[in-house]
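Take a look at the structure below.
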Amino acid sequence: MTDGVVIVDKPADWTSHDVVARVRRLAGTRRVGHAGTLDPMATGVLVLGVGRATRLLGHLALTRKVYEATIRLGWTTTTDDAEGEPLERRPADRVDEAAVRAGAAALTGVIQQVPPQVSAIKVNGQRAYRRARAGESVELRAREVTVHEFAVTGFRRVDDPGGALVDVDARVTCSSGTYIRSLARDLGADLGVGGHLTALRRTRVGPYSLDQAATLDELAAEFTLMPLAEAVAAAFPVRRLTEAEARRVAHGNRISPSGRPGPVGLFAPDGSVLALAEDRPGYGKPVVVFAGG
Numbered sequence: 001m002t003d004g005v006v007i008v009d010k011p012a013d014w015t016s017h018d019v020v021a022r023v024r025r026l027a028g029t030r031r032v033g034h035a036g037t038l039d040p041m042a043t044g045v046l047v048l049g050v051g052r053a054t055r056l057l058g059h060l061a062l063t064r065k066v067y068e069a070t071i072r073l074g075w076t077t078t079t080d081d082a083e084g085e086p087l088e089r090r091p092a093d094r095v096d097e098a099a100v101r102a103g104a105a106a107l108t109g110v111i112q113q114v115p116p117q118v119s120a121i122k123v124n125g126q127r128a129y130r131r132a133r134a135g136e137s138v139e140l141r142a143r144e145v146t147v148h149e150f151a152v153t154g155f156r157r158v159d160d161p162g163g164a165l166v167d168v169d170a171r172v173t174c175s176s177g178t179y180i181r182s183l184a185r186d187l188g189a190d191l192g193v194g195g196h197l198t199a200l201r202r203t204r205v206g207p208y209s210l211d212q213a214a215t216l217d218e219l220a221a222e223f224t225l226m227p228l229a230e231a232v233a234a235a236f237p238v239r240r241l242t243e244a245e246a247r248r249v250a251h252g253n254r255i256s257p258s259g260r261p262g263p264v265g266l267f268a269p270d271g272s273v274l275a276l277a278e279d280r281p282g283y284g285k286p287v288v289v290f291a292g293g
């Protein structure tokens, strides 16, 4: 089995590229990619495509994601997370849980969010993080993202020689492109004390959850993946084709529209997955074809 999705429980201090490199060795192929980068400090669900499943990844990256996060209030950093250099400290002893919950509610819904300075967004053809690490101040435009849920699940006061701090645990469900570091930064700024992200664990990417994930050690002991057809059926609506439709799709030709928004998985009568298709005015167009290797 060489085509499918691997759901990895990414360890801390590994880059997403590190995980891809490891899975390439375990799978015995270079055709491995990932959907949705996780920062080195973050852990949890990282979805990888192997073989023809790499063609799914651009579509999987557009789905909603769920995170468990810890935010420290009273302290800002250069990267908006614990890996950055300390910046300003402000005592957070007057911040109460009600104010934190109100601040989180204000950052829920469709919001305008400025990405972190060390994001991978390109500015004038160069990654923002490279320019920021070279000492430049990078101007990044706010982008529209959707925070479906920003739920406070824990509130703890922390005594520190540099001043009183508050740790906030939160569960965030959001659209792709949302930076949890930026939510931490903005929550702290709105409360007047500053803040940064100290822990992050992704628990879900679309239909793929942490309970389906394997550690790298587990994959090294027994390499398994979710077959391509199963992975497509889990992430997209399924459309069963006739033999005639299947022949057309295998050659990238149009078929009748499905009447559904977004990508639809197209399956042959024998149950094999052929393509992802999207509706256009009056017809369905394959946008990713798996047939033919």
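Just so we're aligned, residue 1 is where the sequence shown starts under the UniProt record's numbering, counting upward by one. Every residue, glycine too, gets a C-beta built ideally from N, C-alpha and C.
- Distance check between S175 and each of V66, R181, T76, R22 places V66 closest, using alpha-carbon atoms only.
- Residue pairing by DSSP leaves A142 without any beta bridge partner.
- About 6 Å separates the beta carbon of L197 from that of I180, a gap short enough to meet the 8 Å contact definition.
- In the DSSP assignment, L241 falls outside any beta strand (DSSP E), carrying neither H nor E.
- Cα atoms of L276 and R202: separation of roughly 26 Å, rounded to the nearest angstrom.
- Excluding the 5 residues flanking it on each side, A199 has same chain C-beta neighbours closer than 6 Å at T70, in chain order.
- One alpha carbon belongs to Q113, the other to A35, and they sit about 21 Å apart.
- Closest in C-alpha terms to D160, from the list G74, G194, T173, comes G74.
- Spanning the alpha carbons of G252 and V158 requires a straight line of approximately 59 Å.
- In the structure shown, the three-state DSSP call for V100 is helix.
- With respect to A184, G177 sits apart: the two C-beta atoms are not nearer than 8 Å.
- In the three-state scheme derived from DSSP, where H, G and I count as helix and E and B as strand, D211 is classed as helix.
- Excluding residues up to 5 positions away in sequence, L73, G74, R90, A92, V95 lie with their Cβ nearer than 7 Å to the Cβ of V193 in the same chain.
- Residues T2, D3, R31 of the same chain have their beta carbon placed closer than 6 Å to that of G51, with the five preceding and five following residues left out of the count.
- Of all alpha-carbon atoms in T77, V168, A42, the one lying nearest the alpha-carbon of A99 is that of V168.
- By alpha-carbon distance to R143, the top candidate from T37, H59, E85, V110 is V110.
- DSSP places H251 outside both helix and strand once states are collapsed to three, so it counts as coil.
- Here the C-alpha atom of V172 lies approximately 5 Å from the C-alpha atom of E149.
- Per DSSP, D13 lies in no beta strand (DSSP E) and is assigned neither H nor E.
- Secondary structure at E83: coil, using DSSP grouped into helix, strand and coil.
- For a cut-off of 8 Å, the C-beta gap from P86 to T77 is around 6 Å, short enough to register as a contact.
- For V289, same chain residues with a beta-carbon under 6 Å away, outside a window of 5 residues either side, are G252, A275 in chain order.
- In the structure shown, V95 adopts coil according to DSSP, grouped into three states.
- The alpha-carbon of I7 is positioned some 8 Å away from that of L225.
- For R240 and P269, the gap between their C-alpha atoms comes out near 7 Å.
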